[in-house]
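Student: Here the sequence shown is numbered in numbering that gives the first Met the number 0, starting from 0 and rising by one per residue. Using N, Cα and C, we set each Cβ at its ideal position, and we do this for glycine too. For reference, the structure I am asking about is given below.
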Amino acid sequence: MQKLYFITGSQDLYGEETLRQVAEDTKKMTAFLDEKLRDVVNIVWQPTVLNSEGIVEVCRRASNDEECVGVITWMHTFSPAKMWIKGLQLLTKPLLHLHTQVNEKLPYDAIDMDFMNLNQAAHGDREYAFICARLGIKREVVVGYYQHEDVIAKIRQFAEVAKAIAFSKELKVGMFGSNMREVAVTDGDRVESQIRYGWEVNYYGIGDLAELAGQVTEEETDAKMAAYEAEYDMNTDNLAAVREQAKYEVALERFVAEHGIGAFTDTFQDLHGFSQLPGLAVQRMMAKGFGFAAEGDYKTAALNAVLFEMAKHRKGATGFMEDYTYDLTPGSELVLAAHMLEVSPVFADNKPKVEVHPLGIGGKNPPARLVFDGTQGDAVAVCMTDMGDRFRLVAAEIELVKQPQPMPNLPVARVMWKLKPDFKTGAAAWLYAGGGHHTVVSTALTMEDLRLFAKLTDTELVVIDEETKLDELQRQLGI
Ligand code: MN
């Protein structure tokens, strides 16, 4: 189980009695928080730190502990912050500064100087926060009584984001083929991606995957077909085309397991050995949590996997999406999002249909794909671009809506949404920010999750929401 260390700061001036009380209090607090959060993360008590050596020791331990995804710090008493410098310099895990107290209310009748000296987070946390600020540490500050629901929710959110960052640091991305020829926004600096986010992005020959697909047995294919029959409506007579995708799915499962891959890309320009573009197969891989983006877009594929991981304890859909075309009816403008084939069925509002249709591009056989209408609700759409000297996340709050009319001739899964604060502002803001057509859309995550992820990974974030004004946004972008 992954864990957050709960580290309490103090000093050795207070004497044994006070320090015994600090340890007793923090053990209770840790147990309480662990009970509330153990579905996501364990909160693990650490001995009170009293000096620089102790802080160095626990920060080293946190950094080296593979199960530790982050650290919570809190000053029960005063804790002179020069003691924290060396330890914090060694800490490599996300940091949450919890500004809380053992007591919710002041004991007005009983309060004396002993109480004041024992319960002085208001004092000690300020000293500690100064050194965090001075060291320039990217951290989350959560304020309030630790038993209050809003405080627990903030710690939960931090744990989910911290787990996603830990996942990111281990993520391997497989690129079948390279970036689609001439396309700019999907490309990026893979070395820098690994330095900043941990993504090991490597190229694999699509022929190796085709060879695996050729080795899939009829029995294995039958088993996949039975799963498709159970989960979807078979809306095609071309079962041979569906069986082909079943082989691709088995081959993909094998390949990612063998290489420890958590996200992958392909490109319709490089399908040697394949008779179809992987559609149904990729859609099902996405629903299982593998990141994917098409046309060699490794950044979106990796981001997809990381955000899927972040959202895994919540209800809602998270997946790869592409802005395709608009309904420009004044006042009710909508984005129609889809992809050539690859939309994750986690977005399905109805039972997906398996269909086989020709693809107007790529020159391969008609591929099998899942077709469905999209789900509804508040969501975020996120794009990662490479600005040359840094990565930029462009994130918009959107509202997924029911498609106003059926689209019986559209042979792909589709999702529709409204932009904020209005269509023209939202779309112009996205364009000014240089956001691309590939996004990760999530109905499970919020802008606050993305803000926290961007902050803790030191990534530029451009937010587009109800408050967005184009003049302010352009000033922010320096244009
Ligand atoms: Mn695309």
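1) Less than 8 Å between C-beta atoms, sequence neighbours within five positions excluded: which residues of the same chain meet that for G361?
2) Between R180, R413, P79, which has its C-alpha nearest T324's C-alpha?
3) Mind checking S331: buried by the 16 CB within 10 Å criterion, or exposed?
4) Check the C-beta distance from V400 over to T235 and give it rounded, since I have them as a contact under 8 Å.
5) Kindly indicate the opening and closing residues of the beta strand (DSSP E) around G8.
6) Residues in the same chain with beta-carbon distance under 8 Å from A163, minus the five sequence neighbours each way, listed in chain order, please.
7) Excluding the five sequence neighbours on either side, which residues of its own chain have a C-beta within less than 7 Å of the C-beta of G315, listed in chain order?
8) What is the rounded straight-line gap between the Cα of A479 and the Cα of R180?
9) Should I194 be labelled buried (16 or more other beta-carbon atoms within 10 Å of its own) or exposed?
10) Considering only their Cβ atoms, is the gap separating Y297 from T264 smaller than 7 Å?
11) By how many angstroms is the C-alpha of A250 removed from the C-alpha of A256?
12) Between M339, G176, D188, which has its C-alpha nearest Y202's C-alpha?
13) What residue range does the alpha helix (DSSP H) around T424 cover?
14) Is the number of C-beta pairs between the region 338-346 and the region 383-393 that are closer than 8 Å three or more?
15) Can you grab the Cα-Cα spacing for the pair R368 / L238, in whole Å?
16) Inspect the CB distances between the region 78-91 and the region 49-64 and report whether three or more fall short of 8 Å.
17) Relative to the ligand MN, is the shortest distance from any of its heavy atoms to the C-beta of A293 smaller than 6 Å?
18) Report yes if the CB atom of T260 is closer than 7 Å to the CB atom of K168, and no otherwise.
19) How far does the alpha helix (DSSP H) with G213 in it extend, from its first residue to its last?
20) Identify whether I130 lies in helix, strand or coil by the three-state DSSP scheme.
21) Do K35 and V497 have their beta-carbon atoms positioned less than 7 Å apart in this structure?
22) Below 8 Å CB to CB, which residues in the same chain sit around R253 once its five sequence neighbours on both sides are set aside?
23) By DSSP, does A304 sit in helix, in strand, or in coil?
24) DSSP three-state call for E497: helix, strand or coil?
25) Helix, strand or coil, according to DSSP, for N63 in the structure here?
26) How would you write the range of the alpha helix (DSSP H) that L89 sits in, first residue to last?
27) Which residues in the same chain as K417 place their Cβ atom closer than 7 Å to its Cβ, once the five residues preceding and following it in sequence are excluded?
28) Flag E181 as yes when its Cβ comes closer than 6 Å to any non-hydrogen atom of the ligand MN, and as no otherwise.
29) List the endpoints of the continuous alpha helix (DSSP H) containing L333.
30) Entirely within the region 225-273 and at least 4 residues each: give me those alpha helix (DSSP H) ranges in chain order.
31) In three-state DSSP terms, what is M74?
32) Can you tell me whether G318 is buried or exposed? The criterion is at least 16 other CB atoms within 10 Å of its CB, across all chains shown.
33) Please look up how many angstroms separate the CB atoms of I84 and I130, rounded, as I've assumed it's under 8 Å.
34) Around the Cβ of Y144, are there at least 16 other Cβ atoms within 10 angstroms (buried) or fewer (exposed)?
Tutor: On the basis of the data shown:
1) F267, Q268, L270, L276
2) Across the set R180, R413, P79, the C-alpha of R413 shows the shortest separation from the C-alpha of T324.
3) exposed
4) About 29 Å; that fails the 8 Å criterion.
5) 2-8
6) V305, L306, E308, M309, F452
7) S441, T442, A443
8) The question about residue 479 has no answer here: the residues shown for the chain are numbered 0 through 478.
9) Looking at its Cβ environment, which holds fewer than 16 other Cβ atoms inside 10 Å, I194 is exposed.
10) With contacts defined as CB atoms closer than 7 Å, T264 and Y297 qualify as a contacting pair.
11) When rounded, the separation of the alpha-carbon atoms in A256 and A250 is 10 Å.
12) G176
13) 422-431
14) With the rule of 3 Cβ pairs closer than 8 Å, the region 338-346 does not count as touching the region 383-393.
15) 12 Å
16) yes
17) yes
18) It is Ile, not Thr, that sits at residue 260 in the sequence shown. No.
19) 205-213
20) helix
21) Since the displayed the chain opens at 0 and closes at 478, residue 497 lies outside it and no answer follows.
22) L211
23) If DSSP states are grouped into helix, strand and coil, A304 belongs with the helices.
24) It is not possible to answer for residue 497, since the shown part of the chain is limited to 0 through 478.
25) helix
26) 84-89
27) L333, I397, E398, V400
28) Not so, every heavy atom of the ligand MN lies at least 6 Å from the Cβ.
29) L333 -> not in any alpha helix (DSSP H); beta strand (DSSP E) instead, spanning 333-337.
30) If we require 4 residues or more, the alpha helix (DSSP H) runs fully inside the region 225-273 come out as 238-258.
31) Three-state result, M74: strand.
32) buried
33) 6 Å
34) exposed
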